[in-house]
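**Q** Would you mind keeping the following structure in view while I ask a few things?
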Amino acid sequence: MHALHQVLHAFFDLHSFTQDMPDVWAGFQINLKMMVIAEVLVLVLALALALLRGLPGPAAKPLRALAIAYTDFFRGTPIIIVAYFIGLGLPGLQLNFISTLSITTYGVIVLTLVYTAYVTEVYRAGIESVHPSQRAAARSLGLTYMQAMRYVIVPQAVRRVIPPLLNDFVGLQKDTALVSVIGVGEAAALAQNASSIDGNFVSYLVAAVFFILITIPLARFTDHLVATRERRERAQAF
Amino acid sequence: MPFVHVRGVSKWFGSLQVLKQIDLDVPEHNVVCLIGASGSGKSTLLRCLNLLEHVEEGEIVVDGQPLTNGKVDVNALRKKIGIVFQAYNLFPHMTVLQNVTLAPRKGLGVSRERSEEYARALLRRIGLEDKADEYPDRLSGGQQQRVAIVRALAMGPKLMLLDEITSALDPQLVSEVLNLVRELAGSGMTMILATHEMGFAREVADKVCFLDAGCILEEGPPAQIFSAPREPRTREFLARVLEAEKLA
Ligand SMILES: Nc1ncnc2c1ncn2[C@@H]1O[C@H](COP(=O)(O)OP(=O)(O)OP(=O)(O)O)[C@@H](O)[C@H]1O
Ligand SMILES: [Mg+2]
Numbered sequence: 346m347h348a349l350h351q352v353l354h355a356f357f358d359l360h361s362f363t364q365d366m367p368d369v370w371a372g373f374q375i376n377l378k379m380m381v382i383a384e385v386l387v388l389v390l391a392l393a394l395a396l397l398r399g400l401p402g403p404a405a406k407p408l409r410a411l412a413i414a415y416t417d418f419f420r421g422t423p424i425i426i427v428a429y430f431i432g433l434g435l436p437g438l439q440l441n442f443i444s445t446l447s448i449t450t451y452g453v454i455v456l457t458l459v460y461t462a463y464v465t466e467v468y469r470a471g472i473e474s475v476h477p478s479q480r481a482a483a484r485s486l487g488l489t490y491m492q493a494m495r496y497v498i499v500p501q502a503v504r505r506v507i508p509p510l511l512n513d514f515v516g517l518q519k520d521t522a523l524v525s526v527i528g529v530g531e532a533a534a535l536a537q538n539a540s541s542i543d544g545n546f547v548s549y550l551v552a553a554v555f556f557i558l559i560t561i562p563l564a565r566f567t568d569h570l571v572a573t574r575e576r577r578e579r580a581q582a583f
Numbered sequence: 159m160p161f162v163h164v165r166g167v168s169k170w171f172g173s174l175q176v177l178k179q180i181d182l183d184v185p186e187h188n189v190v191c192l193i194g195a196s197g198s199g200k201s202t203l204l205r206c207l208n209l210l211e212h213v214e215e216g217e218i219v220v221d222g223q224p225l226t227n228g229k230v231d232v233n234a235l236r237k238k239i240g241i242v243f244q245a246y247n248l249f250p251h252m253t254v255l256q257n258v259t260l261a262p263r264k265g266l267g268v269s270r271e272r273s274e275e276y277a278r279a280l281l282r283r284i285g286l287e288d289k290a291d292e293y294p295d296r297l298s299g300g301q302q303q304r305v306a307i308v309r310a311l312a313m314g315p316k317l318m319l320l321d322e323i324t325s326a327l328d329p330q331l332v333s334e335v336l337n338l339v340r341e342l343a344g345s346g347m348t349m350i351l352a353t354h355e356m357g358f359a360r361e362v363a364d365k366v367c368f369l370d371a372g373c374i375l376e377e378g379p380p381a382q383i384f385s386a387p388r389e390p391r392t393r394e395f396l397a398r399v400l401e402a403e404k405l406a
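Sequences listed follow chains A and B, in order. Per my numbering, the first sequence starts with residue 346, numbered consecutively. Per my numbering, the second sequence starts with residue 159, numbered consecutively.
In structure tokens form, the structure reads like this:
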């Protein structure tokens with residue numbers, strides 16, 4: 346009974362909660378910044394990579410191989426290890442431009458590298474799910490391969506992959522906490538500081554609440570999209 | 159040389175030969191109907207004519223332009239040749255108007271205003287002007303197929319390929335689509351159509367070709383093919399189709 350009481354007290358203490366909030370919030374703003382920048386970059390880069398991977402013809406083979414190697418590598422490597430590669434490796438290279446970026450920028454690079462690999466696969470699945478007859482129809486009208494992709498295939502693919510894509514973004518948002526291992530002063534790192542000062546774990550609860558609060562709207566929005574799609578498809582089936 | 163000139167065209171899918179030494183001539187303003195059992199190669203032949211399928215062997219010339227010498231600009235060629243498919247294949251994320259204007263705008267560089275004006279005029283001709291801003295899933299099959307025809311026509315093609323464009327339609331919707339094709343034939347459009355509608359083929363065709371296992375087994379004016387087929391295979395096929403039509 347005493348042990349339980351102690352644990353509860355270590356996590357749920359209103360006084361510490363309100364006290365830790367401003368600190369952790371300051372860190373969480375860095376998480377938010379990293380999320381937004383990484384998500385925008387991922388949306389663009391992953392689409393480019395998915396298109397490269399789908400290029401037809403023998404001439405594009407090296408490009409396809411490169412895209413495959415990229416996704417294999419970054420989907421297979423734990424994000425913490427990528428973070429060490431980037432966060433410790435790039436500064437160590439002592440290159441003019443690359444080695445003097447801020448630590449938060451390294452964090453964004455890590456998240457972008459890893460999640461571009463995941464989202465490339467999502468886009469690719471979407472592109473492949475568009476029936477080949479759509480491409481035939483577009484090409485038969487004299488549109489080029491790229492025009493067919495741009496106006497006919499990709500818009501349909503993107504609509505279909507929005508729910509899985511948002512799921513990946515939930516993952517990305519949480520993983521902004523992992524890049525604290527290279528020294529980014531984000532919410533989880535600041536919570537850890539506060540925890541050692543307070544002698545309790547309340548600050549972690551504060552951080553958790555922040556993460557949950559931004560994940561819930563995204564999750565509900567995803568549910569809503571899926572439900573709308575299902576309703577529409579059922580309506581079409583009749 | 160006739161408008162469409164096909165000589166010795168053969169096509170394989172893997173080890174399966176689906177076209178065998180096809181010869182076909184279509185003079186300008188003529189309508190040619192391809193008939194034949196399912197799998198005889200009608201769709202494949204049409205798809206070869208606008209290079210949606212690679213032609214492995216033989217020669218195709220359309221409007222004086224050789225397609226099979228490897229030098230042809232396929233995108234330029236396809237702007238002159240419209241094709242309409244059995245499954246309509248409208249773009250579901252675009253309105254009717256956007257479906258019709260996409261290729262003229264992006265492929266021919268026509269301005270938005272001019273292409274929309276022309277598209278609306280075409281839609282008016284088929285009585286679908288009020289559907290211009292609807293999405294395809296709000297249209298009946300017959301309406302979708304007529305939009306698909308108009309989408310091809312908006313490019314100003316000199317040749318139309320129609321691949322069983324009424325096969326997916328409910329019987330009561332077939333006639334509205336056939337009427338449009340009839341009108342096109344009347345306006346002098348050169349057309350090649352694969353069809354199971356024997357009555358229609360008889361009415362609009364200048365020439366009917368019977369395909370059997372990848373060969374044009376017999377060809378001639380519709381009166382001869384339908385009333386006095388020379389080949390036993392043609393007779394069998396027509397008897398089967400008539401039987402099926404009676405049951406339907
Ligand atoms: N992409 C493909 N890959 C492999 N085989 C194919 C492909 N397309 C068609 N075939 C085969 O080629 C043959 C001819 O097909 P095609 O679609 O041209 O026939 P069709 O006369 O149009 O038949 P239907 O009346 O059913 O439309 C068939 O045996 C078919 O299975
Ligand atoms: Mg067919």
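Every residue, glycine too, gets a C-beta built ideally from N, C-alpha and C.
One question on the structure: do valine 467/A and leucine 510/A come within less than 8 Å of each other, judged by their Cβ atoms?
**A** Within the first sequence, numbered from 1, the residue matching residue 467/A stands at position 122. Within the first sequence, numbered from 1, the residue matching residue 510/A stands at position 165. The answer is yes: Cβ separation under 8 Å.
**Q** Across which residues does DSSP place methionine 356/B in a beta bridge pair?
**A** Within the second sequence, residue 356/B is the residue found at index 198, counting from 1. Methionine 356/B is not bridged to any residue.
**Q** Which residue wins for smallest C-alpha separation from isoleucine 307/B, given the options Ile239/B, Val268/B and Asp328/B?
**A** Here residue 307/B refers to the residue found at position 149 when the second sequence is read from its first residue. Measuring from the Cα of isoleucine 307/B, the nearest candidate turns out to be Ile239/B.
**Q** Is there a Cβ of chain B sitting closer than 8 Å to that of alanine 428/A, yes or no?
**A** Here residue 428/A refers to the residue found at position 83 when the first sequence is read from its first residue. False, the Cβ-Cβ gap to chain B never drops below 8 Å.
**Q** Any Cβ of chain B within less than 8 Å of the Cβ of leucine 404/A?
**A** Numbered from 1 along the first sequence, position 59 holds the residue referred to as residue 404/A. According to the sequence displayed, residue 404/A carries alanine and not leucine. No, because no Cβ of chain B sits closer than 8 Å to the Cβ of alanine 404/A.
**Q** Checking 8 Å against the spacing of the C-beta atoms, do threonine 457/A and threonine 416/A come in under that value?
**A** Taking the first sequence and counting its residues from 1, the one referred to as residue 457/A is at position 112. Taking the first sequence and counting its residues from 1, the one referred to as residue 416/A is at position 71. It is not a contact, given that the beta carbons lie outside the stated cut-off.
**Q** Which partner residues of threonine 348/B appear in the DSSP bridge assignment?
**A** Here residue 348/B refers to the residue found at position 190 of the second sequence. Looking at the DSSP assignment, threonine 348/B forms a beta bridge with Leu317/B.
**Q** Looking only at its chain, what residues have a beta carbon closer than 7 Å to the beta carbon of leucine 255/B, apart from the 5 residues adjacent to it on each side?
**A** Here the question's residue 255/B lines up with position 97 in the second sequence. The residues are Glu274, Ala277, Ala290 and Asp291.
**Q** Taking the alpha carbon of proline 224/B as the reference point, which residue from Val164/B, Ile383/B and Thr324/B has its own alpha carbon closest?
**A** The residue given as residue 224/B occupies position 66 in the second sequence. Checking every option, the nearest Cα to that of proline 224/B belongs to Val164/B.
**Q** Mind checking whether the beta-carbon of lysine 200/B lies closer than 7 Å to any heavy atom of ligand 2?
**A** Walking along the second sequence from the start, residue 200/B turns up at place 42. For ligand 2, at least one heavy atom lies less than 7 Å from the Cβ of lysine 200/B.
**Q** Could you tell me which whole alpha helix (DSSP H) segments of length 4 or greater appear in the stretch 213 to 268 of chain B?
**A** You should have 232 to 238 and 254 to 266.
**Q** On a Cα-Cα basis, can you pick out the residue from Ser525/A, Asp513/A and Arg565/A that is closest to arginine 420/A?
**A** Here residue 420/A is taken as the residue at index 75 of the first sequence, counted from 1. Nearest C-alpha to arginine 420/A: Asp513/A.
**Q** May I ask whether a heavy atom of ligand 4 can be found less than 7 Å away from the beta carbon of glutamate 287/B?
**A** Among the ligands modelled here, namely ligand 1 and ligand 2, ligand 4 does not occur.
**Q** Under a CB-based cut-off of 8 Å, is serine 478/A close to chain B?
**A** In the first sequence, counting from the first residue as 1, residue 478/A sits at position 133. By this cut-off, serine 478/A is an interface position.
**Q** Please list the partners that proline 160/B has in chain A, where partner means a Cβ-to-Cβ separation under 7 Å.
**A** Here the question's residue 160/B lines up with position 2 in the second sequence. Chain A residues near proline 160/B: none, gap ~22 Å exceeds 7 Å.
**Q** Can you list, in chain order, the residues of its chain whose CB lies under 6 Å from that of threonine 560/A, leaving out five sequence neighbours each side?
**A** In the first sequence, residue 560/A corresponds to position 215, counting from 1. Hits under 6 Å: Val515.
**Q** If you check the beta carbons only, do methionine 318/B and alanine 310/B fall under 8 Å apart?
**A** In the second sequence, residue 318/B corresponds to position 160, counting from 1. In the second sequence, residue 310/B corresponds to position 152, counting from 1. In contact: methionine 318/B and alanine 310/B (Cβ atoms closer than 8 Å).
**Q** Which whole-angstrom value is the C-beta distance of asparagine 208/B and leucine 235/B, which I expect to be below 8 Å?
**A** Counting from one through the second sequence, the residue named residue 208/B turns up at place 50. Counting from one through the second sequence, the residue named residue 235/B turns up at place 77. That pair is a contact at about 7 Å.
**Q** Here's the rule: buried if 16 or more other CB atoms are within 10 angstroms of the residue's CB, otherwise exposed. What is methionine 494/A?
**A** Looking up residue 494/A in the first sequence gives position 149. By the 10 Å Cβ count, methionine 494/A comes out buried.
**Q** So with CB distances below 9 Å, who are the chain A contacts of lysine 237/B?
**A** The residue given as residue 237/B occupies position 79 in the second sequence. Residues of chain A passing the Cβ test: Leu486 and Gly487.
**Q** So, at 8 Å on beta carbons, what are the nonlocal neighbours of arginine 304/B in its own chain, with the 5 sequence-adjacent residues on each side left out?
**A** Walking along the second sequence from the start, residue 304/B turns up at place 146. Cβ neighbours of arginine 304/B beyond the five flanking positions: Ile284, Leu286, Glu334, Val335 and Leu338.
**Q** With a floor of 4 residues, list each alpha helix (DSSP H) that falls wholly inside the stretch 492 to 572 of chain A, ordered by position along the chain.
**A** Listed in chain order, the complete alpha helix (DSSP H) runs (minimum 4 residues) inside the stretch 492 to 572 of chain A are 499 to 520 and 532 to 543.
**Q** Closer than 7 Å, Cβ to Cβ, to anything on chain A: give me those residues from the stretch 202 to 226 of chain B, in chain order.
**A** Residues Asn208 and Leu210.
**Q** For the putative contact between glycine 357/B and aspartate 328/B, defined by C-beta atoms under 8 Å, what is the C-beta separation to the nearest angstrom?
**A** Taking the second sequence and counting its residues from 1, one reaches residue 357/B at position 199. Taking the second sequence and counting its residues from 1, one reaches residue 328/B at position 170. That belief does not hold up - the Cβ atoms of glycine 357/B and aspartate 328/B are roughly 17 Å apart, past 8 Å.
**Q** Under 9 Å Cβ-Cβ, which residues of chain A neighbour proline 250/B?
**A** On the second sequence, position 92 is the one that residue 250/B refers to. Those within 9 Å of proline 250/B in chain A are Gln479 and Gln501.
**Q** Looking only at its own chain, which residues have a Cβ that is under 7 Å from the Cβ of serine 444/A, when we skip the five neighbours before and after it?
**A** By 1-based counting over the first sequence, the position of residue 444/A is 99. Only Leu435, Pro436 and Leu438 meet the Cβ criterion.
**Q** Can you determine whether any heavy atom of ligand 2 sits closer than 7 Å to the C-beta of glutamate 322/B, and answer yes or no?
**A** The residue given as residue 322/B occupies position 164 in the second sequence. Result yes, Cβ under 7 Å from ligand 2.
**Q** Counting only C-beta atoms, is glutamate 292/B closer than 8 Å to chain A at any point?
**A** In the second sequence, counting from the first residue as 1, residue 292/B sits at position 134. Closer than 8 Å: no.
**Q** Looking at alanine 534/A: is its Cβ nearer than 8 Å to the Cβ of serine 548/A?
**A** Taking the first residue of the first sequence as 1, we reach residue 534/A at position 189. Taking the first residue of the first sequence as 1, we reach residue 548/A at position 203. No, the Cβ-Cβ distance between alanine 534/A and serine 548/A is not below 8 Å.
**Q** Roughly how many whole angstroms lie between the Cα atoms of isoleucine 241/B and arginine 398/B?
**A** If you number the second sequence from 1, residue 241/B lands on position 83. If you number the second sequence from 1, residue 398/B lands on position 240. If I take the Cα positions, the gap works out to 28 Å.
**Q** Closer than 8 Å, CB to CB, is glycine 300/B near chain A or not?
**A** Within the second sequence, numbered from 1, the residue matching residue 300/B stands at position 142. No - not a single Cβ of chain A is within 8 Å of the one on glycine 300/B.
**Q** Quick one: grab the DSSP three-state call for arginine 165/B.
**A** Along the second sequence, one-based indexing puts residue 165/B at 7. Correct three-state label for arginine 165/B: strand.
**Q** For chain B, is any of its Cβ atoms less than 8 Å away from the one on arginine 504/A?
**A** The residue you call residue 504/A lines up with position 159 of the first sequence. It does; some Cβ of chain B falls within 8 Å.
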